[in-house]
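As they're listed, the protein sequences go chains V and R. The opening position of the first sequence corresponds to residue 1 in the working numbering, with each subsequent residue numbered one higher. The opening position of the second sequence corresponds to residue 460 in the working numbering, with each subsequent residue numbered one higher. Working notes, structure below.
2 protein chains.
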Amino acid sequence: MDELVGLLPPGRVLVDPDVLASYRHDEAEWAPYGTPAAVVRPRTAEEVQVVVRYCARHGVPVVPRGAGTGLSGGANAVAGCVVVALDGMRAIKEIDPLEKLAVVEPGVVNDDLRAACAEQGLWYPPDPASSPWSTIGGNVATNAGGVCCVKYGVTGDYVLGLQVVTGTGELVRLGRRTAKGVAGYDLTSLLVGSEGTLGVITEVTVRLRPRREPERTVAGYFPSVVAAGRAVEAVAAAGLTPSALELVDRQCLEAVDAWKNMGLSADADTVLLGRTDAPGAAGEAEADAMLACFTAAGATWSVRSSDQEEADALFAARRLAYPALERLGPVLTEDICVPVGRVAEMLGRVQDIGVRHDTRIANIAHAGDGNLHPMLLTAEGDEAARLRAQAAFDDIVREALELGGTVTGEHGVGLLKRDGLRAELDPAVLDLHRAVRDALDPHRILNPGKVFTTGKEST
Amino acid sequence: MDELVGLLPPGRVLVDPDVLASYRHDEAEWAPYGTPAAVVRPRTAEEVQVVVRYCARHGVPVVPRGAGTGLSGGANAVAGCVVVALDGMRAIKEIDPLEKLAVVEPGVVNDDLRAACAEQGLWYPPDPASSPWSTIGGNVATNAGGVCCVKYGVTGDYVLGLQVVTGTGELVRLGRRTAKGVAGYDLTSLLVGSEGTLGVITEVTVRLRPRREPERTVAGYFPSVVAAGRAVEAVAAAGLTPSALELVDRQCLEAVDAWKNMGLSADADTVLLGRTDAPGAAGEAEADAMLACFTAAGATWSVRSSDQEEADALFAARRLAYPALERLGPVLTEDICVPVGRVAEMLGRVQDIGVRHDTRIANIAHAGDGNLHPMLLTAEGDEAARLRAQAAFDDIVREALELGGTVTGEHGVGLLKRDGLRAELDPAVLDLHRAVRDALDPHRILNPGKVFTTGKEST
């Protein structure tokens, strides 16, 4: 590593064992990881290029990392690798209100970009649950989703251009700054969601929207997750376009109540939270129509919240669900996406799978676009429970595929969904993936062992 | 070709010289083309696979073709090639109102899909000017744009999944049917806009929207293209999101008047046509705000059209501009896209370029997203005028790049923008393109000579 230290300004290369230990893994439960040989915290794209070129020369694996908030092990270290930690590159280089775009370094935190845009009357929509901590670079690498996707799409829908360092150490610009453009292949979209296996992102140009209308909230309490799932289907069938449609089940409500004493679980088995940002009377009408869908699907209580504080409290419960569950023990988070017409059936199957494997499963879901996050709960140190949860995890993935779904809606393949990817894609399509990977990373140094089951495995 | 004839059902392989002649080129002016050895009109994906495998075995170039309405030479035949004409595969296999998607064969005509969706209360937005004739497969291969892009995005924004035959003759499914999904690389987006060089599209799964609100129209008459360009910038600066913002200049208005006697050119040098589909009072407010932008930017006359017939007539003039100009002689159509803040400047530069090269240039533009279509007019058979027009074409491309634009906004690279692509992209990025192309088409049989300047050139 002395050579690498000499190639970079002082302080960039970290080899302290405690530091290395803190960069070994992301937030995925039970995904394998090794200890890196070094962590590099570059400040410029050129420094990233120096690191990748060094690693290419020496055949050292490169593991790019943003904030490490991923849930699939995509940023987990491989033994002996160099972790390129991009969280120090956090300049918002430009916000252009006329062209409605921003140019940012990869380490800019999602919420920070949103706040900076809001100051200029603009809106950066993608809002993963990790938005207070996760970085734009990581969001791009995983094509992160969030609550607003049901109406406004995912991270990739907002990426106009990228600067990346490829596996051969080339520093290249992909994409454009114009509203439209078809000059060459869409390599920008190819890089989005490639989880660090095709290039290290050193700059992102994102598309912005004008500030939107304030949202109206509709809440429905349902007697079961399946009933709530039917309401989701009813909303889609009615041709509504909610700006959010989130599901929180009893397990989550109870965990939040146990932590924050919000009194939610007394009244509901499952809560569905809808929002609309259609303007004026159209928004009123859409909120009313959503309420009617909830009621028709069997809501025991439903209400259009005229009180913004009350509405925010309900959404806070949704945000708090994951940390509230984590207080109780290890949480293995699923991330499947099924057709909207299969949400109710899939939620029912998740319950059955929990019973079958004697595993407690809580559910939050971006229900409006069929993206479910069953959360498999175990007790710390209970090895048998861990194995049961992992078996349940595999069953959920398999049954999602049976219902025409995908093994990952927004968290990425990383390490946890590599077998799922093989189950989802034809062998010929996996071969195309490998051919494309080899085109951009011929030495196979970029995040090896992720996405694909070939390559150097982490331990 | 006897071998190929024997591999397919009767009637699929056409070798009649008159038929071959009619499949030599698309609608691009002055792009080179050769005569195909055969035209195949397959009826199934498996038949396409048979053709590609035959061509791969024998090293025969494959040129995929939809309706042949392209404007960059992307579907032009190479001497001795097999043209795979997909316009016979025109089944709409499925329209799913709940999941809001449709599955179609590549030869389905754009307007036919839109009409079929409308019957079920759904909307397929992408609306290139060729929509009465062009096919979804061709739209996907070129990532076609249109009028609604300024608010609703381009073809690629609506492609959920593809079935394609790769250059090695593999028949594969890419993408998904769910609203979200990040399982593997986004090869779907990679294929979109790849102009037949990465695969032959045999099926397309498109995302649909609910039917939208009726649009309101605002028309502005301006004393110059530059003044109209300033109004476009004003609309963007005001944070408005028109559902259309189209520009038609004096040359076009006069040509339409000469043909249809609509009396447009008496009052205006340049017309700007804005639309909004925001619902209710929000739409009223947006139309008023657009009107105010037009007036402030120097419109000599502007009006919110309360009369749908009048509004439709103005948009008809925009649609008629291209055929009206074609009546007068060969039209070389440009397709650049610049930042919205540079629209006025670029329009002024186009005028200067016309003067400099003694070439008459008319303008239509999807002005709201900076996508300009200067149309270079010549007299039939005037060789010197052709050379002057081609020099002007090159200057427009170069100056668009100077202003931070792209060499093609929506028509594709094909043959006409190959030099432009080299000017726009870094050599390292072109190398990535070639590496990706070789990954999917290792024998380089798919539409050779298009996009890239390497490979077998057409003559």
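Yeah, the Cβ is synthetic: ideal placement off N, Cα and C, and Gly gets one too.
Note on geometry: alpha-carbon atoms of V/Ala-278 and R/Leu-667 lie some 19 Å from one another. When rounded, the separation of the alpha-carbon atoms in V/Glu-424 and V/Val-413 is 11 Å. Apart from sequence neighbours up to five positions away, the residues of its chain that approach R/Thr-647 with a beta-carbon distance below 7 Å are Val-618, Gly-620, Leu-621, Leu-633 and Gly-634, ordered along the chain. Only exposed fits V/Asn-261, as fewer than 16 other CB atoms lie within 10 angstroms of its CB. Nearest to R/Glu-629 by alpha-carbon distance, out of R/Asp-616, R/Val-659 and R/Glu-672, is R/Val-659.
Identification of residues in the region 822-855 of chain R having a C-beta nearer than 9 Å to some C-beta of chain V yields His-825, Gly-827, Asp-828, Gly-829 and Asn-830, given in sequence order.
In this structure, R/Arg-524 is the residue among R/Ala-550, R/Arg-524 and R/Ala-746 with its C-alpha nearest to the C-alpha of R/Asn-906. Within the same chain, Arg-819, Ile-820 and Ala-851 come within 7 Å of R/Gly-813 by CB-CB distance, once the 5 residues on both sides are set aside.
R/Ser-648 has a beta carbon lying within less than 8 Å of a beta carbon in chain V. For R/Met-749, the enclosing alpha helix (DSSP H) covers residues 739-755. For V/Gln-120, the secondary structure class from DSSP, reduced to helix, strand or coil, is coil.
Within chain V, the C-beta atoms nearer than 7 Å to that of R/Glu-869 come from Lys-180 and Val-182, in chain order. Under the Cβ criterion of 8 Å, V/Tyr-158 is not counted among the residues facing chain R. In this structure, the beta-carbon distance from V/Gly-196 to V/Ala-141 falls below 8 Å. Judged by their CB atoms, R/Tyr-644 and V/Ser-72 are not nearer to each other than the 8 Å cut-off. A distance below 8 Å separates the beta carbons of R/Val-509 and R/Leu-466.
Its chain contains Gly-733, Ala-746, Met-749, Leu-750 and Arg-763 as the residues whose beta carbon lies nearer than 6 Å to that of R/Val-677, once the 5 sequence neighbours on both sides are disregarded; these appear in chain order. Near chain R, meaning a CB-to-CB distance below 9 Å, no residue of the region 18-50 of chain V qualifies. Interface annotation, V/Thr-241: in contact with chain R, CB-CB separation under 8 Å. The Cβ of R/Thr-594 sits no closer than 8 Å to any Cβ of chain V.
Nearest to V/Gly-405 by alpha-carbon distance, out of V/Met-346, V/Leu-377, V/His-411 and V/Asp-394, is V/Met-346. A straight line joining the alpha-carbon of R/Asp-546 with that of V/Arg-327 spans about 59 Å. Scanning chain R for C-beta atoms nearer than 8 Å to the C-beta of V/Asp-127 yields nothing, as the closest lies near 14 Å away. Take R/Cys-796, set aside five residues on each side of it, and the residues of its chain with a beta-carbon closer than 6 Å to its own are Gly-829, Asn-830, Gly-864, Thr-865 and Gly-868, in chain order. Among the residues facing chain R, V/Tyr-185 is included, as its CB has a counterpart in that chain under 8 Å away.
Apart from the 5 residues on each side of it in sequence, V/Thr-378 sits with its Cβ closer than 6 Å to the Cβ of Gly-329, Pro-330, Ala-385, Arg-386 and Ala-389 in its chain, given in chain order. At a cut-off of 8 Å between beta-carbon atoms, V/Asp-426 makes contact with chain R. Between R/Ser-683 and chain V, the shortest Cβ-Cβ separation is not below 8 Å. Beta-carbon to beta-carbon, R/Ala-755 and R/Ala-686 are separated by about 11 Å, too far to satisfy the 8 Å threshold. Contacts with chain R (Cβ-Cβ distance below 8 Å) from the region 271-305 of chain V involve Ala-278, Pro-279, Gly-280, Ala-281 and Ala-282, listed in chain order. C-alpha of V/Asp-257 to C-alpha of V/Leu-325: approximately 11 Å in a straight line. Rounded to the nearest whole angstrom, the C-alpha separation of V/Leu-247 and V/Leu-401 is 21 Å.
Within chain R, the residues Gly-643 and Tyr-644 have their CB atoms less than 7 Å from the CB of V/His-433, given in chain order.
Note that the C-beta distance between R/Glu-558 and V/Pro-339 is below 8 Å. Neighbours of R/Pro-669 across chain V, judged by C-beta separation under 7 Å: Gly-239 and Thr-241.
Taking 8 Å as the CB threshold, V/Val-340 lines the interface with chain R.
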